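Residue 1292 in the numbering used here is what sits at position 245 of the sequence shown, and the numbering runs on without skipping anything. First up is the structure itself, then whatever we jot down about it.
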Amino acid sequence: MYRFRRLRRDVRIRSMMQETRLHPKDFIYPVFVIEGENIKNPVASMPGIYQYSIDRLEEILEQIKEAGIGGIMLFGIPRHKDPQGSQAYAADGITQRAVRYIKENYPEIYIVVDICLCEYTSHGHCGMVHGEEILNDETLPYLVKMAVSLAEAGADMAAPSDMMDGRVAAIREGLDQAGFTQMPIMAYSAKFASAYYGPFRDAAHSAPGFGDRKSYQMDFANGQEAIREIGADIEEGADIVMVKPALAYLDVLKQAALTFKVPLAVYNVSGEYAMVKAAAANGWIDEKRIVMENLTAMKRAGAQIIITYHALDAVKWL
Ligand code: PBG
Ligand code: ZN
């Protein structure tokens, strides 16, 4: 009989045997920036998460700096929306201004920008629309413009989340031509059409005005196709690939880790966060233990980067 319990006898030996350890640099924390002044709006379905105007950003940026986490993922919420999402690539758009502000005042913070049009379009879809159809190739130049304009503002990394085919190659080419050959791309490669994004769409004002995102985001029934999506993004030049959401998709994450030897990210999304916070608020679960268990599972499954709303709490609990 093998006695596994010999190595579990007390905390000293257990901690030496621990295979997976979380570190502040594993985490990227999403930040919502809204147009206006003196705003710190709580997001009802995401306790602890707020929309900040630029003049209030320092409140959260100080905490991020203090926590020493890997970086932030920036989401802008513009005042003006139109069918082309023109504020997504305006030189003085909300996200561009936020990037410039952070770069200037918090140069130590690594800024990842989400590249997608849904927060900026009046119809709330991630691309150009014709009737009820979401157009693919017509959308690509707008995504390129957005990435280049945020690179010009000083963003460190571009993370396309739109799920249009060919966008990684288009953005890579656009960034290179504009002189940003050193800017990495983290592709939301296997992004599933998921009910887990519900709270985010309240936070980012990005719910689609008609229909759903199933013609571009993936069917959650498909694991094989996820591997093909990830492979295509790597071929197109993605530096980091992502699986999203996290918990219901750890099999996909693990399969990706086994198949591709490239850096992998996972997005622990808004609905996953909301479920934990709601159960914890009711006293039904131990929030700290549940969060650490969830985040450790994501790393154990193969994620090198974990994008999570729990990041600031998790660092305190390490
Ligand atoms: C924009 C985007 C979404 C999320 C990240 N980028 C929403 C969506 O696709 O509807 C979801 C993040 C979350 O739920 O935490 N395309
Ligand atoms: Zn989108």
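In this text, a Cβ means the ideal position worked out from N, Cα and C, and glycines have one as well. These figures come from a predicted structure and were not determined experimentally.
Chain-order list of residues whose beta-carbon lies under 6 Å from that of residue i (same chain, five-residue window excluded)
i            : result
residue 1192 : 1136
residue 1170 : 1176, 1256
residue 1286 : 1231, 1232
residue 1291 : 1235, 1238, 1314
residue 1210 : 1238, 1263, 1264
residue 1203 : 1157, 1158
residue 1247 : 1317
residue 1173 : 1163, 1164, 1165, 1209
residue 1359 : 1110, 1114
residue 1241 : 1292
residue 1327 : 1334
residue 1227 : 1198
For residue i, the three-state DSSP class (helix, strand or coil)
i            : result
residue 1002 : Missing from the structure shown is residue 1002; the chain here goes from 1048 to 1365 and no further.
residue 1188 : helix
residue 1157 : coil
residue 1087 : strand
residue 1351 : coil
residue 1097 : strand
residue 1171 : coil
residue 1130 : coil
residue 1075 : strand
residue 1318 : helix
residue 1118 : strand
residue 1240 : coil
residue 1207 : strand
residue 1230 : coil
residue 1258 : coil
residue 1195 : helix
residue 1216 : helix
residue 1305 : helix
residue 1081 : strand
residue 1293 : coil
Burial state of residue i (16 or more Cβ within 10 Å)
i            : result
residue 1099 : buried
residue 1060 : exposed
residue 1104 : buried
Of the residues the options, the one placed nearest residue i, counting alpha carbons only
i            : options                : result
residue 1101 : 1153, 1069, 1113, 1075 : 1153
residue 1325 : 1094, 1067, 1059       : 1094
residue 1126 : 1164, 1114, 1141, 1212 : 1141
residue 1186 : 1254, 1207, 1145, 1274 : 1207
residue 1357 : 1351, 1253, 1340       : 1340
residue 1312 : 1050, 1337, 1219, 1277 : 1277
residue 1068 : 1168, 1298, 1347       : 1347
residue 1270 : 1307, 1303, 1329       : 1303
residue 1282 : 1328, 1267, 1217       : 1217
residue 1092 : 1139, 1323, 1307       : 1323
residue 1161 : 1332, 1361, 1196       : 1196
Contact test: residue i Cβ vs the ligand PBG heavy atom, cutoff 7 Å
i            : result
residue 1236 : no
residue 1249 : no
residue 1316 : yes
residue 1214 : no
residue 1253 : yes
residue 1136 : no
residue 1050 : no
residue 1161 : yes
residue 1144 : no
residue 1243 : yes
Residue i beta carbon near the ligand ZN (any heavy atom closer than 7 Å)
i            : result
residue 1129 : no
residue 1209 : yes
residue 1108 : no
residue 1062 : no
residue 1164 : yes
Close-in-space but distant-in-sequence residues of the same chain around residue i (CB under 8 Å, 5 per side omitted)
i            : result
residue 1112 : 1153, 1155, 1156
residue 1179 : 1257, 1258
residue 1070 : 1365
8 Å Cβ cutoff, residue i in contact with chain C
i            : result
residue 1116 : This model lacks chain C altogether; it includes just one protein chain.
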